[in-house]
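>
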Amino acid sequence: MIIARSYAKINIFLHINGKRADGYHDLQTLFAQTELHDTIEIEEADRTELICNMPDIPADSSNLIIRVKNILTERYGIRNEYRIILNKKIPAGGGLGGGSSNAACFLKTVNSMSHMGLSYKDMADILGSVGSDTVYFLHDRPCYAEGRGEIIVSETELPSAPILLVNPGIHVPTGEIFRCGNLKLTSKADLSRMPIVAGYAELTAMLENGLEAAVFAKHPVLQTLKTALLDSGADGALMSGSGSTVFGIYRTDEQLESACDIIREKFAGYTVFKSRIKGAG
1 MIIARSYAKI
11 NIFLHINGKR
21 ADGYHDLQTL
31 FAQTELHDTI
41 EIEEADRTEL
51 ICNMPDIPAD
61 SSNLIIRVKN
71 ILTERYGIRN
81 EYRIILNKKI
91 PAGGGLGGGS
101 SNAACFLKTV
111 NSMSHMGLSY
121 KDMADILGSV
131 GSDTVYFLHD
141 RPCYAEGRGE
151 IIVSETELPS
161 APILLVNPGI
171 HVPTGEIFRC
181 GNLKLTSKAD
191 LSRMPIVAGY
201 AELTAMLENG
211 LEAAVFAKHP
221 VLQTLKTALL
231 DSGADGALMS
241 GSGSTVFGIY
251 RTDEQLESAC
261 DIIREKFAGY
271 TVFKSRIKGA
281 G
């Protein structure tokens with residue numbers, strides 16, 4: 001049996017460039033993983049079975065792990081079977097990429113443990129067919145990405161800053177938000193010119209999400225939460241992805257601890273995680 005960690009991501013920035021002919025939007029983003037993670041226990045078995053500690057998580061072909069397993073069989077003729085135990089901490093549907101991270105973690109792990117010999121391109125093709133941000137999780141470092149999020153432009157390095165992740169338990173359908181008319185559009189930038197190493201001031205200055213206005217209009221409590229994080233001492237705060245998780249970035253662990261107490265008291269019932277950016281992989 002192998003036990004692997006499947007890390008949550010945040011978007012340091014998410015710029016919407018415009019709508020494409022295929023209905024998707026072109027975007028540019030900076031992904032970064034956090035220390036918040038699920039664990040996945042994997043062992044070879046007579047038949048594939050997915051068991052999760054959260055009963056609301058599907059264990060059928062709607063789960064990205066099972067979709068990846070089915071692609072391995074259908075596209076590559078790989079018929080290995082696995083018993084998979086998924087222990088989740090990452091909130092589902094919270095803009096933290098939990099399902100995508102799980103799929104990539106499963107694929108990387110079985111490729112190694114079962115000696116499949118899949119290349120990076122093979123794995124990227126598989127993951128790109130099941131989600132927009134899944135390819136990023138083949139990387140351990142922060143990455144600039146574009147397209148739907150599946151085109152990785154380059155890796156970068158960020159400070160391993162303390163962060164507070166706050167999830168109010170609101171489900172925000174990503175497709176519904178992208179169909180809104182009040183997305184903030186940004187001209188396309190040359191991501192290859194973005195800094196290879198960013199300091200703390202650069203990190204907090206980059207925070208921007210073109211989906212925030214649309215989501216905040218539907219769920220004003222998220223704007224209230226963002227303001228509360230800034231008032232608690234965060235040097236920057238942002239909604240991750242299409243929400244509903246909002247995070248604050250702090251310079252010190254002491255500031256993080258103080259902010260955590262404030263936010264937990266003010267937003268009782270919300271899920272709050274103290275974490276850190278995995279800035280250097």
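Residue numbers (my numbering): 1 to 281. No residue lacks a Cβ here, since even glycine has one placed at the ideal position from N, Cα and C. Since we're looking at a predicted model, the values are computed, not measured.
1. Would DSSP call Asn-70 helix, strand or coil?
2. Taking DSSP as the reference, what is the three-state secondary structure of Val-130?
3. Should Ile-126 and Ile-84 be called a contact, given that it needs their Cβ atoms to be closer than 8 Å?
4. Can you pull the DSSP bridge partners for Met-239?
5. Identify every run of the alpha helix (DSSP H) within the segment 29-94, keeping only runs that are complete inside it and at least 4 residues long; order them along the chain.
6. Enumerate in chain order the residues of its own chain whose CB-to-CB distance from Tyr-200 is below 7 Å, with the five nearest sequence positions on each side excluded.
7. Does the separation of the CB atoms of Tyr-270 and Val-166 fall below 8 Å?
8. Could you tell me whether the segment 67-75 touches the segment 103-112, using the rule of 3 or more Cβ pairs below 8 Å?
9. By Cβ distance, which residues of its chain are closer than 6 Å to Ala-4, with the 5 residues on each side in sequence left out?
10. Between Ile-135 and Phe-31, what straight-line distance do the alpha-carbon atoms span, to the nearest angstrom?
11. Take Lys-266 as the anchor and find which of Leu-229, Ser-275, Asp-235 and Arg-276 has the nearest alpha-carbon.
12. For Val-246 versus Leu-238, is the C-beta distance shorter than 8 Å?
13. Under a three-way DSSP split, which group does Cys-105 fall into?
14. Output the distance between the C-alpha atoms of Glu-208 and Tyr-24, rounded to the nearest integer angstrom.
15. How about Leu-36 and Ser-275: do their beta carbons lie closer than 8 Å?
16. Report the start-end ranges of each beta strand (DSSP E) in the segment 188-218 that is 3 residues or longer and not cut off at the edges.
17. Check for me: the alpha helix (DSSP H) holding Lys-226 runs from which residue to which?
18. Starting from Ser-6, trace the beta strand (DSSP E) in both directions and tell me its first and last residue.
19. Can you tell me whether Ala-217 sits near the ligand GDP, meaning its C-beta is under 7 Å from at least one heavy atom of the ligand?
20. Taking the straight line between their C-alpha atoms, what separation do you get for Cys-180 and Ile-277?
21. Considering only residues of the same chain and omitting the five flanking positions on each side of Arg-67, which have a CB-CB separation below 8 Å?
22. Since Leu-138 is in the beta strand (DSSP E), which residue starts that stretch and which ends it?
23. Can you tell me the Cα-Cα spacing of Pro-220 and Gly-94, whole angstroms?
24. Quick one: residues in its chain with C-beta nearer than 6 Å to the C-beta of Ala-124, no 5 flanking neighbours on either side, listed in chain order?
Result, derived from the coordinates:
1. DSSP places Asn-70 in helix when its eight states are reduced to three.
2. Of the three classes helix, strand and coil, the one that applies to Val-130 here is coil, per DSSP.
3. With contacts defined by Cβ atoms closer than 8 Å, Ile-126 and Ile-84 do not form a contacting pair.
4. The secondary-structure analysis by DSSP pairs Met-239 across a beta bridge with Val-246.
5. Here the runs fully enclosed are 64-76.
6. Non-local C-beta neighbours of Tyr-200 in its own chain, meaning closer than 7 Å and more than five positions away in sequence, comprise Pro-159, Ala-161 and Arg-251, ordered along the chain.
7. In contact: Tyr-270 and Val-166 (Cβ atoms closer than 8 Å).
8. By the criterion of at least three beta-carbon pairs nearer than 8 Å, the segment 67-75 is in contact with the segment 103-112.
9. Listed in chain order, the non-local C-beta contacts of Ala-4 below 6 Å within the same chain comprise Ile-40, Cys-105 and Thr-109, local neighbours out to five positions each way being set aside.
10. The question names Ile, but residue 135 is Val in the sequence shown. Rounded to the nearest angstrom, the two C-alpha atoms are 11 Å apart.
11. Measuring from the Cα of Lys-266, the nearest candidate turns out to be Leu-229.
12. In contact: Val-246 and Leu-238 (Cβ atoms closer than 8 Å).
13. Assignment of Cys-105 by DSSP, reduced to helix, strand and coil, places it in the helix class.
14. Distance between the alpha carbons of Glu-208 and Tyr-24: 20 Å.
15. A distance below 8 Å separates the beta carbons of Leu-36 and Ser-275.
16. Entirely contained in the segment 188-218, not one beta strand (DSSP E) run reaches 3 residues.
17. Per DSSP, the unbroken alpha helix (DSSP H) holding Lys-226 starts and ends at 220-231.
18. Going by DSSP, Ser-6 is part of the beta strand (DSSP E) stretching over 2-19.
19. In the structure shown, the ligand GDP is absent, as is every other ligand, since no ligand is present at all.
20. Rounded to whole angstroms, Cys-180 to Ile-277 spans 30 Å at the Cα level.
21. Hits under 8 Å: Ser-61, Ala-103 and Val-130.
22. Leu-138 -> no beta strand (DSSP E), and no H or E assigned at all.
23. Using only the alpha carbons, I get a separation of about 16 Å.
24. Answer for Ala-124: Val-135, listed in chain order.
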